[in-house]
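Participant: Numbering (full-length UniProt numbering), first residue to last: 1 to 273.
1. Tell me which residues share the same chain as residue 221 and place their Cβ nearer than 6 Å to its Cβ, disregarding the 5 neighbours each side in the sequence.
2. Identify the residues that DSSP records as bridge partners of residue 71: which are they?
3. Quick one: measure Cβ to Cβ for residue 36 and residue 210, integer angstroms, because I've assumed they're closer than 8 Å.
4. Cα separation between residue 34 and residue 183?
5. How many Å lie between residue 204 and residue 261 at the Cα?
6. Looking at the unbroken beta strand (DSSP E) that takes in residue 270, where does it start and where does it end?
7. Do residue 149 and residue 12 come within 8 Å of each other at the CB atom, strictly closer than that value?
8. Could you tell me the distance, in whole angstroms, from the CA atom of residue 233 to the CA atom of residue 125?
9. Find the nearest neighbour of residue 98 within the set 29, 188, 197 and 64, judged by alpha-carbon distance.
10. Would you kindly report the start and end of the unbroken beta strand (DSSP E) that includes residue 196?
11. Run through DSSP, which three-state label would residue 62 get?
12. Quick check on DSSP: helix, strand or coil for residue 223?
13. When you compare only the Cα positions, how much space is there between residue 7 and residue 249?
14. Taking the C-alpha atoms as reference points, what is the distance between residue 247 and residue 68?
15. Would you mind reading off the limits of the beta strand (DSSP E) that contains residue 274?
16. Are the stretch 58 to 78 and the stretch 106 to 118 touching by the rule of at least three beta carbon pairs closer than 8 Å?
17. Does the pairing of the stretch 17 to 32 with the stretch 152 to 167 give three or more beta-carbon distances under 8 Å?
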C-alpha cells in the first residue's frame, strides 16, 4: 500500500495537519484496533461507497456507514479492517480544527462515527463522484481542500482561550496544568471546560490524558528497549501504575500485549497477533 500526504497552506494549515491518501491492491482481511488520538478525521472510501466499523465487544459485528465519514475525537479504541481500505482519502485535523467545518460542537462527535452527508447534505455524493473522476492524487487533495473551504465558518479562527490552552498543554502534558491554565485565562473551570469541549470534543482532562498516551506511543516507537518506569515519568505520569491504567483504558491492552501485537503503525494494532 502506498501512502501520500499533502500539507495545505493557510488558512487551512491552522486547522488541518494533513490530507492523506492510501492506495494499493486488495488487502487481506486484518482487523485492527484503531487507538484514540483525541483528534478528528474525515474519511472517504474511493473504492466502495461504504465504510465499516466493527463492534468493540463483538469484533464480528459490523456497523455500516456511507463511504464518507466523520470519525470524531475518540478517547477509546475502535475496530476496523484493513481489507476495507484499498483506496481511502482523508483529512487529519489538528486538535479542535474540525469544529470550524462541520458547524456543530465537536463534543457532538465524541467517540462517534457520523455520516458526512448528515452534516454537509446532498453535496457529499457529488463530491465523492468528482473525486473518483479526478485522476491525480494532487487533484484529489485540492478538490477536498476546496470543499473544506466552502464549508468553513467565518471568521475562520480559533477561540483565543482554547488556542492558549492547547499551546500550554503541548508544552506540559501533565494533567495538573489544567488548573494553572484556567487561572491564567481568568475563566471559571466550568466556562473553560465548556469552551474547550465545544471546540476540541473532549474535556480538558481527558484530552490531556489521550495526548499523553499518544506521547507514550511515540516514545515507544523511538526506542528499541522500553524502560517502563522511566518512560512513564518522562511522559508526565505520576508513576508506572497510572501509566498502565491509562494504557488499558485507551487501548484495551496492557503494555506487554501492545508490544507483542503492534503492527506497522503505532495507532493500529492487529487483533489476531
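Glycine residues also receive a C-beta, built at the ideal position from the N, C-alpha and C atoms.
Given the structure is predicted, the values throughout are model-derived calculations rather than measurements.
Facilitator: Reading off the structure:
1. 266
2. 41 and 113
3. 5 Å
4. 35 Å
5. 30 Å
6. 268 to 270
7. yes
8. 48 Å
9. 197
10. It is not in any beta strand (DSSP E) - residue 196 instead sits in the alpha helix (DSSP H) that spans 189 to 200.
11. strand
12. coil
13. 32 Å
14. 30 Å
15. Within the shown structure, residues of the chain are numbered from 1 to 273, placing residue 274 beyond reach of any answer.
16. yes
17. no
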